[in-house]
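Going left to right, the sequence shown walks through residues 1346 to 1549 as the numbering used here numbers them. Even for Gly, the Cβ is constructed at its ideal location relative to N, Cα and C. Following: one structure in structure tokens, then a few remarks.
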Amino acid sequence: MKKTLIVNYTPRENSNTKKMLDYFITKNKDKTDFSILDLTKNTPDLLLNDNLNLVVARNFGGVELNEEEQKLLDKNDQLTNQLLDTDYVVVATPVYNYSLPATVKAWFDAVIQAGRTFAATEKGLVGLSVNTKALVLTTSGSDLGSEPMEKLNFATPLASACFDLMGISTESITVFGTQQYADKLESLIETSKKEIDLLSERWY
Ligand SMILES: Cc1cc2nc3c(=O)[nH]c(=O)nc-3n(C[C@H](O)[C@H](O)[C@H](O)COP(=O)(O)O)c2cc1C
């Protein structure tokens, strides 16, 4: 059975994004092996002085780390291993400040690793996870899917670009306007569930 990694960042009570994710999981529970990464409980390490310089030395400089140094990278390396070990990855996240929440970006910063998920070659950057497929489930309060706000949606393009760097093709299912169209929210979520049905049939 193919494996699916769920990367879940839906901390708000009664999260609309989580409704989409729960539907996805219930719909496909017999068709794939799920692993769930809850980013609110297992939060990636931010790249700060110590670990960032070790990542650069190891992943770009070929430096071998000692045990103590490696420990500082273990958390993010485990997240990378988890991604390398899956066939499908589903990221569930709301839009915050027109983009991905920092916690979700921290996950991308953790798993986009030279020599593991992408390679820096003479021809440029080459993704190494080409057999993996991604889905981004997201919601935003305003309608970032149409003019005049469309150009302010940095969330799904950023997620796609990050996955693309790793060679992972991405699709998005979105409910844009959870607050703007509060009176139609139920039907917008129902529409997203139909999109999830279609994608699930293609994937599994
Ligand atoms: C910290 C924060 C920042 C937000 N920033 C935006 C934003 O830039 N644009 C937008 O349309 N909605 C924004 N929203 C609204 C959420 O994207 C929207 O309510 C979304 O549906 C929340 O998803 P959830 O129900 O899964 O928590 C923001 C909400 C929060 C809590």
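> Can we say the region 1497–1505 touches the region 1481–1488, given the rule of at least three CB pairs closer than 8 Å?
Replying inline: The region 1497–1505, when compared against the region 1481–1488, does touch it at the 8 Å Cβ threshold.
> Considering only the beta carbon of each residue, do Ile1518 and Ser1537 sit closer than 7 Å?
Replying inline: Between Ile1518 and Ser1537, the CB-CB gap stays under 7 Å.
> DSSP three-state call for Ile1381: helix, strand or coil?
Replying inline: In this structure, Ile1381 counts as strand in the three-state DSSP scheme.
> What is the DSSP secondary structure of Ser1537, counted as helix, strand or coil?
Replying inline: Assigned with DSSP and collapsed to three states, Ser1537 falls in helix.
> Thinking C-beta only, is Asn1396 closer than 7 Å to Leu1417?
Replying inline: Going by C-beta atoms, Leu1417 is nearer than 7 Å to Asn1396.
>> Tell me which residues share the same chain as Leu1428 and place their Cβ nearer than 6 Å to its Cβ, disregarding the 5 neighbours each side in the sequence.
In response: Result list for Leu1428: Val1456, in chain order.
>> Could you pull the DSSP bridge partners for Gly1472 from this structure?
In response: As computed with DSSP, Gly1472 is found in a beta bridge with Phe1463.
>> Comparing C-alpha positions only, which one of Leu1473, Ala1506, Val1471 and Gly1522 sits nearest to Ser1491?
In response: Closest in C-alpha terms to Ser1491, from the list Leu1473, Ala1506, Val1471 and Gly1522, comes Gly1522.
>> Could you check whether Asn1353 and Ala1437 sit closer than 7 Å to each other, using their CB atoms as the reference points?
In response: Contact: yes.
> Which runs of the alpha helix (DSSP H) fall wholly inside the region 1496–1533 and span at least 4 residues, in chain order?
Replying inline: Within the region 1496–1533, the complete alpha helix (DSSP H) runs of at least 4 residues are 1500–1510.
> Beta-carbon separation of Pro1389 and Leu1366 under 7 Å?
Replying inline: In this structure, Pro1389 lies away from Leu1366, with their beta-carbon atoms at least 7 Å apart.
> Does the beta-carbon distance from Thr1431 to Leu1350 come in below 7 Å?
Replying inline: A Cβ-Cβ contact shorter than 7 Å links Thr1431 with Leu1350.
> How far does the beta strand (DSSP E) with Val1435 in it reach, from first residue to last?
Replying inline: First-last of the beta strand (DSSP E) with Val1435: Tyr1433 to Pro1439.
>> Just verifying my parser: in three-state terms, what is the DSSP assignment at Val1408?
In response: Reduced to three states, the DSSP call for Val1408 is coil.
> For ligand 1, is there a heavy atom less than 6 Å away from the beta-carbon of Thr1551?
Replying inline: Absent from the structure is residue 1551, since the part of the chain shown begins at 1346 and ends at 1549.
> DSSP three-state call for Leu1482: helix, strand or coil?
Replying inline: Leu1482 sits in a strand when the DSSP states are folded into three classes.
> Candidates Lys1364, Ser1380, Leu1543 and Leu1489: which alpha carbon is nearest Asn1442's?
Replying inline: Ranking the options by Cα distance to Asn1442, first place goes to Leu1489.
> From Lys1539 to Glu1495, what does the alpha carbon distance come to, in whole angstroms?
Replying inline: Each residue's Cα considered, the two are about 23 Å apart.
> Can you check whether the CB of Val1481 is closer than 7 Å to the CB of Ala1504?
Replying inline: Yes, these two residues count as a Cβ contact at 7 Å.
>> Considering Cα atoms alone, identify which of Val1449, Thr1377 and Asn1359 is closest to Arg1547.
In response: Checked all of Val1449, Thr1377 and Asn1359; the closest Cα to Arg1547 is Thr1377.
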